[in-house]
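Q:
Protein chains: 2
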Amino acid sequence: MQDRRPTIEDVARVAGVSRATASRVINNGRGTSAEARSRVHQAVDRLGYRPNPAARMLALGRTDVIDLVAVGFETDSARFGTNPYLSRVVAGALAALAGTDTHLRVRLLAEGAAHRSIDEIARTTTQGAILVNVPPPLATRFHDRCERVVSLGATADRVPAVEARNAQGAHAAVTHLHDLGRRRIAAVHGPAGNTCAASRRVGHLDAIRATGLPDITGDGQFRREAGYRATARLIATRPDIDAVFAASDLMAAGAIQALTAAGRRVPDDVSVVGFDDSVIATAVNPPMTTVRLPVEEMAAAATRTLLDGGAAARWRLVFPVDLVVRASAAGAAPAGTT
Amino acid sequence: MQDRRPTIEDVARVAGVSRATASRVINNGRGTSAEARSRVHQAVDRLGYRPNPAARMLALGRTDVIDLVAVGFETDSARFGTNPYLSRVVAGALAALAGTDTHLRVRLLAEGAAHRSIDEIARTTTQGAILVNVPPPLATRFHDRCERVVSLGATADRVPAVEARNAQGAHAAVTHLHDLGRRRIAAVHGPAGNTCAASRRVGHLDAIRATGLPDITGDGQFRREAGYRATARLIATRPDIDAVFAASDLMAAGAIQALTAAGRRVPDDVSVVGFDDSVIATAVNPPMTTVRLPVEEMAAAATRTLLDGGAAARWRLVFPVDLVVRASAAGAAPAGTT
DNA sequence: TTGTACGCGTTATCAG
DNA sequence: CTGATAACGCGTACAA
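Chains as they are written, first to last, in UniProt numbering: chain A, 1 to 338; chain B, 1 to 338.
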């Protein structure tokens, strides 16, 4: 059917001009006669010509793509879509890329066999890569092969990273619950291998110790189902729990469901605080008090750093976090706001 | 600091071989002596050589990127991250791309000035583009400039599309509520310009007419806040409402919040059904009965079509939808399952 | 204003 | 097994 994609050569021939003129017309039209412009444009339309991006990039010597590489949060990669985090990262990165001629390429790695993939990605990365949820060893490996990289969230020492004050956020969350009069605060933590989860553990423990509260802890892998189960187990063990701090909004959502199923009212009987301020936090019932992570801003900052040529090893940029108070853990009764 | 990225020429020189040999070694190593292989690999490591993707693509004559172009669901592009839809599309597309050497490029268009952008994207698209939430006129314009395109969800007639049986889903949802004994079913619809929203309106209206129920309708723009407001307004107008069908999970989440704020219990007093089966549906309290849209499968199908060279004008692929029954609108009391 | 000629970095072809 | 050399499609000095 189609012989071959038409090249600028074909356009020039049809228009009766030289390649150079055709190129000039197509790119900006400067220094060309109206006559030539019209004929070239006509030829372009007739042939359906579209420049070959590869050739153009090669000739201009510009690289124009930033990779967003994420390791699957969910074991099943098909379920990655349930993670409310990625789209915020994409949004932030794209916001930073607006007005640039740089594009965003998204890559998703299965949790298991990511070693080979990481090598291949490092090899083909041009402008740079943003690492999301990439475990420290893998991040180091990437950095060894390609220095133009920024991790979103703390990772291996050497790898440049944009971080958030996770420990401080967890501390603020627990303190808030304490201020509400809660004294038996359960914590549902994230996966042990995750650096963000680790920081939140630290902040939680600090606050627990500072206030002299008991350490009631469960594990939730950041996932809702696990948050549900962990909370159900905690209730069974310690029926007197009066608050839950979860290290992610999804787990907090699971906690609310588990508490409701167990006959506890939120926030009357038990207060709940989440972490992230993802879309989940505002969608659940009651709306969720949570620690806001400025994901979009962080992703934008990482992107800009890459656009500027990358960062030195060990480079860090730290963002503050905010406690957003909603109905699931509030003082008076500001309840159901829209 | 760095003069210039090393080329394969440099590698060849350092290794003391020709470009051709270096290329052979780097690509697959077939038909090369162990001696040559070792020297080339050493040179590569020493120089930190990484092949130029543009040059490689040009030489191979292969295009290797599919564009995912979405028009902002939210007016504020920074809030795009709150949409639970995109990540499912990304997940589906990437699943179809696994094992391929084709990459996924994500583009986000502001709702307003998208005309110029669409032209630029159509011009630089190579392997093809997946259109998400692109209004019919814009989709047509894109198709005029680049035929390798598939729309996710119905759009202009001519543009190839992967669709879901939206009308059928809405019909099933309303019928389900009717089967539960609900007789005053309110509907919260999506934006008028959106084709999916339109189909769901049709399905809803059909079911309403078939069962002889009153038509109680509000508008929600697919967004949670609007769903909240629309529901609040409907309750005020018709306090006897005993069910809500919302054309998106986000709006259904808003509806649940509004009902709770108004003192109604879900599902005891009012049943609620959403649409999408996004992460929202499982995270809310109570878990939401909803119409499952196989977004991942649809995105994967669209991607495969593009990989296979695209589709003819007016091509259609239609997916079935499923009613997923959870606690927010259920028969007996299967309530809080995890 | 236009055309000629070369370079961008890589891979494939074809002798040796 | 290796090394010249010719594409690949485009942009742009430079010369006309």
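All C-beta atoms in this analysis are idealised placements derived from N, C-alpha and C, irrespective of residue type, glycine included.
Roughly how many whole angstroms lie between the Cα atoms of L293(B) and R37(A)?
A: Indexing the second sequence from 1 puts residue 293(B) at position 293. Indexing the first sequence from 1 puts residue 37(A) at position 37. Approximately 48 angstroms, taken between the alpha carbons.
Q: For the alpha helix (DSSP H) that contains A312(B), what are its first and last residues?
A: Translated into the one-based positions of the second sequence, residue 312(B) becomes position 312. First-last for A312(B): undefined, no H or E at that position.
Q: Count the C-beta pairs between the region 169-186 of chain A and the region 203-220 of chain A that are closer than 8 angstroms, then say yes if the count reaches three, no if not.
A: As far as the Cβ criterion goes, the region 169-186 of chain A touches the region 203-220 of chain A, which means the pair count is three or higher.
Q: Would you verify that the beta carbon of H204(B) is, or is not, closer than 8 angstroms to some beta carbon of chain A?
A: One-based indexing of the second sequence puts residue 204(B) at position 204. By this cut-off, H204(B) is not an interface position.
Q: Quick check: the region 6-16 of chain B against the region 180-193 of chain A, are there 3 or more CB pairs under 8 angstroms?
A: At 8 angstroms Cβ cutoff, the stretches do not touch.
Q: So if I threshold CB-CB distances at 7 angstroms, which residues from the region 246-274 of chain A count as touching chain B?
A: For the region 246-274 of chain A, which is checked against every Cβ of chain B, the residues closer than 7 angstroms are L250, A253, I256, Q257, T260, A261.
Q: Please go through the same chain and pick out, in chain order, the residues whose beta-carbon is closer than 8 angstroms to the beta-carbon of A311(A), but skip the five residues on each side of it.
A: As a first step, residue 311(A) is located in the first sequence; it is residue number 311 there, counting from the start. Closer than 8 angstroms at Cβ, skipping near neighbours: V150, P160, T305.
Q: So what does E163(B) bridge to, in DSSP terms?
A: Here residue 163(B) is taken as the residue at index 163 of the second sequence, counted from 1. DSSP, once it has assigned bridges, lists V318(B) as partnering E163(B).
Q: What alpha helix (DSSP H) runs, 4 residues minimum, are completely inside the region 75-152 of chain B?
A: Here the runs fully enclosed are 86-97, 115-124, 136-145.
Q: Taking any Cβ of chain B, which residues in the region 287-317 of chain A have a Cβ under 8 angstroms from it, in chain order?
A: Result list: P287, V295, E296.
Q: Quick check on this structure: which residue in D322(A), G61(A), V272(A) has the alpha carbon closest to the alpha carbon of L177(A)?
A: Within the first sequence, the letter at position 177 stands for residue 177(A). Measuring from the Cα of L177(A), the nearest candidate turns out to be V272(A).
Q: Does any CB atom of chain B fall closer than 8 angstroms to the CB of R233(A)?
A: Residue 233(A) sits at position 233 when you count from the first residue of the first sequence. Closer than 8 angstroms: no.
Q: At a Cβ threshold of 8 angstroms, is S33(A) touching chain B?
A: On the first sequence, position 33 is the one that residue 33(A) refers to. With 8 angstroms as the cut-off, S33(A) does not count as an interface residue toward chain B.
Q: Do A95(A) and A300(A) have their beta-carbon atoms positioned less than 8 angstroms apart in this structure?
A: Along the first sequence, one-based indexing puts residue 300(A) at 300. Along the first sequence, one-based indexing puts residue 95(A) at 95. A contact, by the Cβ cut-off of 8 angstroms.
Q: Where do the N-terminal and C-terminal ends of the alpha helix (DSSP H) with V270(B) fall, by residue?
A: As a working note, residue 270(B) is residue 270 in the second sequence. Per DSSP, V270(B) belongs to no alpha helix (DSSP H) and is neither H nor E.
Q: According to DSSP, H41(B) sits in a beta bridge with which residue or residues?
A: By 1-based counting over the second sequence, the position of residue 41(B) is 41. Answer by DSSP bridge pairing: none, since H41(B) is not bridged.
Q: May I ask you to verify whether the region 240-259 of chain B touches the region 276-287 of chain A, counting CB pairs closer than 8 angstroms and requiring at least 3?
A: At 8 angstroms Cβ cutoff, the stretches touch.
Q: If we cut at 8 angstroms on Cβ distances, does T100(A) have a partner in chain B?
A: Position 100 of the first sequence, counting from 1, holds the residue named residue 100(A). Answer no: the Cβ-Cβ gap between T100(A) and chain B never drops below 8 angstroms.
Q: Which same chain residues end up closer than 7 angstroms to S248(B) when comparing Cβ atoms and leaving out the 5 residues on each side of it in sequence?
A: Within the second sequence, residue 248(B) is the residue found at index 248, counting from 1. Correct list, in chain order: G190, F222, G274, F275, D276.
Q: Helix, strand or coil for R182(A)? Go by DSSP, reduced to three states.
A: Within the first sequence, numbered from 1, the residue matching residue 182(A) stands at position 182. Correct three-state label for R182(A): coil.
Q: Under a CB-based cut-off of 8 angstroms, is A280(B) close to chain A?
A: What you label residue 280(B) is simply residue 280 of the second sequence in a count that begins at 1. The question names Ala, yet the displayed sequence has Ile at residue 280(B). At least one chain A Cβ lies under 8 angstroms of I280(B).
Q: Should V14(B) be flagged as near chain A, meaning a C-beta pair shorter than 8 angstroms?
A: For this step, residue 14(B) is matched to residue 14 along the second sequence. No, no contact with chain A.
Q: So does the region 38-47 of chain A actually touch the region 12-20 of chain A, counting three or more Cβ pairs closer than 8 angstroms?
A: Counting Cβ pairs under 8 angstroms, three or more are found: they touch.
Q: Cutting at 6 angstroms between CB atoms, please list the residues of its own chain near L109(B), excluding the five before and the five after it.
A: Position 109 of the second sequence holds residue 109(B). V71, S117.
Q: Under 8 angstroms, Cβ to Cβ, is there at least one residue of chain A near P84(B)?
A: Taking the second sequence and counting its residues from 1, the one referred to as residue 84(B) is at position 84. Output row for P84(B): interface = yes.
Q: Along chain A, in chain order, which residues have C-beta atoms closer than 9 angstroms to that of T126(B)?
A: Position 126 of the second sequence holds residue 126(B). Going along chain A in sequence order, the residues near T126(B) (Cβ under 9 angstroms) are R50, N52, P53, A54.
Q: So P53(A) and T126(B) are supposed to be a Cβ contact under 8 angstroms. How far apart are they, rounded?
A: Working through the first sequence from its first residue, we reach residue 53(A) at position 53. Working through the second sequence from its first residue, we reach residue 126(B) at position 126. With 8 angstroms as the limit, P53(A) and T126(B) qualify as a contact, their Cβ atoms being about 6 angstroms apart.
Q: Could you tell me the alpha carbon to alpha carbon distance between V69(B) and L131(B), rounded to whole angstroms?
A: Translated into the one-based positions of the second sequence, residue 69(B) becomes position 69. Translated into the one-based positions of the second sequence, residue 131(B) becomes position 131. Cα to Cα, V69(B) sits roughly 5 angstroms from L131(B).
Q: For D157(B), which residues in the same chain have their Cβ closer than 7 angstroms to its Cβ, ignoring the five residues on either side in sequence?
A: Reading the second sequence from its first residue, position 157 is the one you call residue 157(B). Taken in chain order, the residues that qualify are R314.
Q: Can you have a look at G181(A) and say buried or exposed, based on whether 16 or more other CB atoms are within 10 angstroms of its CB?
A: In the first sequence, the residue the question calls residue 181(A) occupies position 181. G181(A) comes out exposed.
Q: What number of angstroms, rounded off, separates the C-alpha of A230(A) from the C-alpha of R107(A)?
A: Within the first sequence, residue 230(A) is the residue found at index 230, counting from 1. Within the first sequence, residue 107(A) is the residue found at index 107, counting from 1. About 31 angstroms.
Q: On the criterion of 16 or more Cβ atoms from any shown chain inside 10 Å, does P320(B) qualify as buried, or is it exposed?
A: Counting from 1 along the second sequence, the entry for residue 320(B) is found at position 320. Flag for P320(B) reads exposed.
Q: In the DSSP assignment, find the unbroken beta strand (DSSP E) run with A329(A) in it and report its ends.
A: To locate residue 329(A), count along the first sequence from 1; it is residue 329. That residue, A329(A), is in no beta strand (DSSP E); it is neither H nor E in DSSP.
Q: With burial defined as no fewer than 16 other Cβ atoms inside 10 Å of the residue's Cβ, what is the status of H115(B): buried or exposed?
A: Here residue 115(B) is taken as the residue at index 115 of the second sequence, counted from 1. Its Cβ having fewer than 16 others within 10 Å, H115(B) is exposed.
Q: For R56(A), which of E225(B), G309(B), T289(B), T124(B) has the nearest alpha-carbon?
A: Within the first sequence, the letter at position 56 stands for residue 56(A). Ranking the options by Cα distance to R56(A), first place goes to T124(B).
Q: Just to make sure I have the definition right: I need the residues of chain B whose C-beta is within less than 9 angstroms of the C-beta of S87(A). Which are they?
A: Walking along the first sequence from the start, residue 87(A) turns up at place 87. Simply F80, G81, T82, N83, P84, Y85, L86, S87, V90.
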